[in-house]
Each structure stands twice: as structure tokens, then as C-alpha cells.
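One structure is given here, and the rest of the page talks about it.
Residue numbers (the numbering used here): 6 to 78.
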């Protein structure tokens, strides 16, 4: 599991109830396509807050786990 994606999943879980727009902006900043953003946010909304590991898997599946590549730019 990619530690960057795990961090992003934890951030998304903390933002999902407090600030849905910030959740979308987080995904936008990661470069996630809009259709994948919708899927990730729908899955995150249905998950219990403590399940960041499962959300990490979902993000990697839709996003391809390339967040660490963006950090290297």
C-alpha cells in the first residue's frame, strides 16, 4: 500500500462530513479525473470513518496509485 495514498484517504475521511467541497478539491489537486472523483466520494460516503485502509484501496483502484509520482515532479 502506498503511504501517500493512505495519507490522502485519511485526509478525505476527515473532510468528507465536515467539508464535501474540500474533499472534491483534494481529489482535484491529486489530478483524479472527475468520473473517478464521483466514484471515490460515493464509496467514502458509504464507509465508516475508521476504514481508511479500504478507502486507500479504492483510491488506488480508480486513481492508479500515481500520487507519489506527482510528488516527485
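Note that beta-carbon positions come from the ideal geometry of N, C-alpha and C, so glycine has one too.
Between the options, which has its C-alpha nearest residue i's C-alpha?
{"i": "residue 14", "options": "27, 41, 58", "result": "58"}
{"i": "residue 18", "options": "52, 30, 35", "result": "52"}
{"i": "residue 50", "options": "22, 16, 26, 61", "result": "22"}
Give me the Cα-Cα distance between residue i and residue j, rounded to the nearest whole angstrom.
{"i": "residue 46", "j": "residue 8", "result": "20 Å"}
{"i": "residue 39", "j": "residue 33", "result": "8 Å"}
{"i": "residue 36", "j": "residue 11", "result": "16 Å"}
{"i": "residue 44", "j": "residue 67", "result": "8 Å"}
{"i": "residue 25", "j": "residue 60", "result": "16 Å"}
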